[in-house]
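> For the sequence shown, numbering that gives the first Met the number 0 begins at 0 and goes up steadily by one.
Here a beta-carbon is modelled for each residue, glycine too, at the ideal position from N, C-alpha and C.
The structure displayed is predicted, hence computed values, not measured ones.
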Amino acid sequence: MPAVLIRDVRIVAVGGVPAPRRPVDLLARDGKVVALAPRLTALGREDGRPIRELRADGRWLIPGLWDHHVHMVQWSRTFNWLAMSGATSAEDALARVAARLAETRPGHAVIGFGHRSARWQRPPTVAELDGVAGEVPVVLISGDAHHGWLNSSALRLLGLPPRDDVLAESDWFGVIGRLGELPQDGAANERALAEAVSRAHALGVVGITDLEFGRNWIDWPERVAAGTDTLRVRAATYADTLDEVIAAGLRTGDPLPGGKGMVTMGPLKVISDGSLNTRTAWCHQPYADAATGSDPYGRPNLSADELMAVLRRATGAGLRMALHAIGDAAVGAGLDAFAATGATGSIEHAQLTTIDDVRRMGRLGVVASVQPAHLLDDRDVTAACWPDRAERCFMLRSMLDAGVALALGSDAPVSPLNPWLAMAAAVHRSADEREPWNPAEALTPAQALAASTDGATTVAVGSPADLVLLDADPLAAAEDSAAAGAALRAMPVAVAATLVGGRIVHREPDLGG
């Protein structure tokens, strides 16, 4: 691989580590930054290896960005799925399905994603989906990915018994990873995954924690071997494949065979409760509109003993945890299990918490893996379901103040894989003309950026050559959080180049090289 020399670049201070005050030249070789100086000669030519030279012309440089919570296959396939976001009712959703059926290739399933039925007047039924789709298999995945609305044809093809309502939570999670069994365009799915990696690089993303269902630790090395080899991936597992991972002797952080150094074993993902939109997130107090549901407090997916057992087993096998917990009761029970078992890892989402549990997270060293863009989607639903505890949602600043390490992500496809949107949501906490939601819990742009680089700080000699070159300063002074948020949302068009291990995986043509 050729070395890369970046001319005249401004280093952005990240994570509180000072940066040079003036533009410098940077040389990256063998996956590392090896030199920084006001003016570098083309060091390394004497060893016969080529050097690619990029003209930064005063652009800004940050460490590569990570998305710490992605379902990569699902996100990529949404590029071809029926868009259901914004459907206002079951009738609206059915009309969208009918329109798609008119253009669907015979024999192929219709899969849609994005509806949020929490505020619909009534729940959807299998029978009405049958009435529109007939024998064409249809699967409509909710925007929070916690339920699937299937017609009878899809249920039969997936070997599921007849039913009248949606599949939710544990019943659904056993199905979502099997959607590839339905008749569809496999070549289009493969193209979509390659496009997803390309889109991620164009946003400055160099790595992901992939929490996709299935055998990630096998699938990703195979993708690397097939040429999808420019993205760093931590490949998670779930309890249903835990025995295989343990039998293979894989521990979190291990390079995976065949992954060419790009894929490592990730955490064990455990979904301990549900979600807000399905009213299954487990809470200490009942939902304000609990009369509409059978579980007024939401519900746990595992008992305390079951949760302890799986954390203890995974920890003994060298795996870190990624524990999904959205409601405050689920967060509390999760922290009890971390404390009792000595497990390490993260609470995924940590959407509704108590201040005592925020402080416990800090003491236990549990990472808060949060997806700030969810607060944009969940603001109105929170007002309906949790009006008495809305101030305890997305307590990002409180977490930092308590010494909790933050790791930002998207939960794509629930929110777009876009680290700049996540940072903007964390900073401004509003996506419309309304005032920020719980502004005391907002992050500064510097804090949001530091939570998006996988712990990497200001680029220096010895840093990994996972780098992003920007047309604008992401930490430029702004008059208020609205202006700062708007600037961050605009940053995707400012990504001029992305390097992974010194390899240029995205660049604008005017940079040279």
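L510 and A450 look like a contact to me (Cβ under 8 Å); what is the Cβ gap, rounded to whole Å?
Wrong, their Cβ atoms sit about 28 Å apart, outside the cutoff.
> How would you label T236, buried or exposed, when you count the other beta carbons within 10 angstroms and need 16 or more for buried?
By the neighbour-count rule (16 or more Cβ atoms within 10 Å), T236 is buried.
> Under 8 Å, do L318 and A336 count as touching if we go by C-beta distance?
No. Outside cutoff.
> By DSSP's criteria, D209 is part of a beta bridge. Which residues make up the other side?
Looking at the DSSP assignment, D209 forms a beta bridge with V69 and A234.
> Rounded C-beta distance between H107 and P182? I'm assuming under 8 Å.
Indeed, because the Cβ distance is near 5 Å, the residues count as touching under 8 Å.
> Please confirm if the region 459-471 is in contact with the region 54-63, defined as three or more CB-CB distances below 8 Å between the two stretches.
Yes: at least three Cβ pairs fall under 8 Å.
> Give the straight-line distance between the Cα atoms of I354 and H505, rounded to the nearest whole angstrom.
Near 42 Å, if we compare the C-alpha coordinates of H505 and I354.
> What separation, rounded to the nearest whole angstrom, lies between the Cα atoms of P220 and I346?
About 27 Å.
> Any idea if T251 is buried or exposed, counting beta-carbon neighbours within 10 angstroms, 16 or more meaning buried?
Buried, because 16 or more other Cβ atoms sit within 10 Å of the Cβ of T251.
> Going by DSSP, what residue range makes up the beta strand (DSSP E) through M261?
First-last for M261: undefined, no H or E at that position.
> Applying the 10 Å Cβ sphere with the 16-neighbour rule, what's the burial state of G142?
Buried, because 16 or more other Cβ atoms sit within 10 Å of the Cβ of G142.
> Apart from the five residues just before and just after E134, which ones in its own chain have a Cβ nearer than 7 Å to its Cβ?
Correct list, in chain order: S152.
> Work out the CA separation of M261 and A193 for me, nearest whole Å.
Looking at the two C-alpha atoms, the distance is approximately 15 Å.
> Using CA atoms only, rank isn't needed, just tell me which of A36, W419, E478 and I270 is closest to R6.
Closest by alpha carbon: A36.
> Look up E440 in the DSSP assignment and say whether it is helix, strand or coil.
DSSP places E440 in helix when its eight states are reduced to three.
> Skipping 5 residues on each side, what residues in its chain have a beta carbon closer than 8 Å to that of A441?
Result list for A441: L395, R396, A425, V426, H427, R428, P435 and S480, in chain order.
> Does the distance from the CB of G402 to the CB of G341 come in under 8 Å?
Cβ atoms of G402 and G341: not closer than 8 Å.
> Nearest CA to the CA of A459: which residue from N417, K31, M0 and V3?
Of N417, K31, M0 and V3, the residue nearest in Cα terms is K31.
> Please report how far the alpha carbon of A486 lies from the alpha carbon of A475, in whole angstroms.
Those two C-alpha atoms are separated by around 9 Å.
> Which word fits R20, buried or exposed, when buried means at least 16 other C-beta atoms lie within 10 angstroms of its C-beta?
Per the 10 Å Cβ criterion, exposed.
> Would you report the Cα separation of A118 and R502, rounded to the nearest angstrom?
Residue identity differs from the one stated: residue 118 is Arg in this sequence, not Ala. Spanning the two alpha carbons is a distance of roughly 47 Å.
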